[in-house]
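This report concerns only the one structure given below.
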Amino acid sequence: MAKIGKDIQYAVEALQKGKLVAIPTETVYGLAANALSEEAILKIYKTKNRPKFDPLIAHIGTLSQIEKLTTTVPPLAKKLISDFWPGPLTLLLEKTEKIPDLLTSGLPQVAIRMPDHDITRTLLTQLPFPLAAPSANPFGYISPTTAQHVQDQLGDKIDYILDGGTTSIGLESTIVSVEGDKIMVHRLGGLSIEKLQSYGEVEMSLNVSGNPRTPGQLKSHYAPQKKLIIGDIDTLLAEHQSMKIGVLSFTKSYPLAESNYILSKKGDLDESARNLFHALRVMDKMDLDLIITEVFPNRELGVAINDRLRRASGR
Ligand code: TXA
Ligand code: MG
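Everything in the sequence shown is counted per this note's numbering, starting at 36 for the first residue and increasing by one.
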């Protein structure tokens, strides 16, 4: 099992030796390694069982660290950086030659973000290199939002998990690129589309599979092992009476279900986002035949919640 702790110095030393360390962010926990070392990056792919065509995000702690990664930051990207970093926004920017092709899966752009989490930003400022960090889960499974989630699935493969508590947003970052005055969204996430809209025209670039810009946007992803279906919960419960059903609902309770996880009794989408992955993990571990959920309001973080639920159901 991995050690779980708050020892930043220990994490610094492990990362400098080329080891992997799980790190907290405001979105989800990441599985981090030196983003400029091919050998360290390889360990990430191997540990996650992730195909090498799915590139990794480079994490930085201060703005000056961006210089190692890219030489071109277009004006619109600069604006987004100044208003949303640190935060749940990842930008695709032209990569420099310092960056191993393995990090970007051979793509010309590198994904960069500055996470909004004190422990991890302190860690990043003490390192001479940025950190490559995908979500700290086996490829295709639900992202971790607590140190224990990481322990449950990768604990026997890594030696240290830096504990930063439960992540405050609970959904992965929103990934965008800019083209002139346009913002292209490649992955919906913890920064809502509404917040981006005042910066320019926002265009979706979210092909569900075979999208060469963001290969991670596979149709089935972020998925529990159990079958999950989305629809009108009462109707679905009636249709599956003989089964042990877990219901994942927004605000309402469903006493007829074997188990019911309500994401936000008061109807708060941020709270729902925060609880979503934990709830899916809890239900995935229970003795259930099926998980039923519903379509969330299609605004703010509800848009990304619906995206994750659709992918979780896509098999
Ligand atoms: O919130 C997050 O973004 C978390 C935390 C740990 O920072 N990280 C995360 O990483 O979700 P990951 O690897 O699970 O998802 C990153 C996504 C992948 O779908 C990948 O395809 C896309 O980012 N991506 C990474 N680099 C890219 C690049 N150069 N071009 C296009 N897409 C890229
Ligand atoms: Mg992931």
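All C-beta atoms, glycine included, are put in the ideal place defined by N, C-alpha and C.
Determine the direct distance from the alpha carbon of P86 to that of Y80, and round the result to whole angstroms.
Taking the sequence shown and counting its residues from 1, the one referred to as residue 80 is at position 45. Taking the sequence shown and counting its residues from 1, the one referred to as residue 86 is at position 51. About 7 Å.
Start-to-end residues for the beta strand (DSSP E) that takes in Q144
Taking the first residue of the sequence shown as 1, we reach residue 144 at position 109. Q144 -> beta strand (DSSP E) spans Q144 to R148.
Unbroken stretches of the alpha helix (DSSP H), 4 residues or longer, contained in the segment 159-220
182-189, all fully within the segment 159-220.
Using 8 Å as the threshold, is the C-beta distance between V56 and A70 below it?
Along the sequence shown, one-based indexing puts residue 56 at 21. Along the sequence shown, one-based indexing puts residue 70 at 35. Cβ distance not < 8 Å, so V56 and A70 don't count as in contact.
What do you reckon, is the C-beta of P110 under 7 Å from a heavy atom of the ligand MG?
Translated into the one-based positions of the sequence shown, residue 110 becomes position 75. Outside the cutoff, so no.
Check whether the Cβ of E207 sits closer than 7 Å to any heavy atom of the ligand MG, and report yes or no.
In the sequence shown, the residue the question calls residue 207 occupies position 172. Checking every heavy atom of the ligand MG against the Cβ of E207, one is found closer than 7 Å.
Quick check on the DSSP output: the alpha helix (DSSP H) that includes K83 runs from which residue to which?
For the purposes of this step, residue 83 is taken as residue 48 along the sequence shown, with counting starting at 1. Counting along the chain, the alpha helix (DSSP H) containing K83 begins and ends at E73 to K83.
So what does DSSP say about G266, is it helix, strand or coil?
Position 231 of the sequence shown holds residue 266. Correct three-state label for G266: coil.
Proximity test, Cβ basis, 8 Å: I76 and chain C:
Among the chains in the structure shown there is no chain C, since it carries only a single protein chain.
Under the criterion of a Cβ to heavy atom distance below 7 Å, does P135 qualify as lining the ligand TXA?
Within the sequence shown, numbered from 1, the residue matching residue 135 stands at position 100. Distances from the CB of P135 to the heavy atoms of the ligand TXA are all 7 Å or more.
Is it buried or exposed for G302, if we count other Cβ within 10 angstroms and need 16 for buried?
Counting from 1 along the sequence shown, the entry for residue 302 is found at position 267. Exposed: under 16 other Cβ atoms inside 10 Å.
Shorter than 7 Å, the distance from the beta carbon of S227 to the closest heavy atom of the ligand TXA, or not?
Residue mapping note: residue 227 aligns to position 192 of the sequence shown, counting from 1. No; taking the cut-off as 7 Å, the Cβ of S227 has no heavy atom of the ligand TXA nearer than that.
Which residues in the same chain have their Cβ closer than 7 Å to the Cβ of K78, if we skip the five residues on either side of it in sequence?
The residue given as residue 78 occupies position 43 in the sequence shown. L55 and A68, listed in sequence order.
Out of curiosity, what's the CA-to-CA distance linking I177 and S233?
Residue numbering aside, residue 177 sits at position 142 when the sequence shown is read from its first letter. Residue numbering aside, residue 233 sits at position 198 when the sequence shown is read from its first letter. One Cα belongs to I177, the other to S233, and the distance between them is close to 31 Å.
Cα separation between G53 and L311?
Stepping through the sequence shown from its first residue, residue 53 is reached at position 18. Stepping through the sequence shown from its first residue, residue 311 is reached at position 276. Rounded to whole angstroms, G53 and L311 show a C-alpha spacing of 33 Å.
Report whether the distance from the Cβ of L142 to the nearest heavy atom of the ligand TXA is below 7 Å.
As a position in the sequence shown, residue 142 is number 107, starting the count at 1. Checking every heavy atom of the ligand TXA against the Cβ of L142, one is found closer than 7 Å.
Is V56 helix, strand or coil when you go by DSSP?
Start at 1 with the first residue of the sequence shown, and residue 56 comes out as number 21. Three-state DSSP puts V56 in a strand.
My parser needs the beta strand (DSSP E) runs of 3 or more residues fully inside the segment 83-143; what are they?
DSSP runs (the beta strand (DSSP E)) wholly in the segment 83-143: 92-94 and 124-129.
Assess, as a yes-or-no matter, whether the segment 184-194 is touched by the segment 265-283 under the definition of 3 or more beta carbon pairs within less than 8 Å.
Touching, no.
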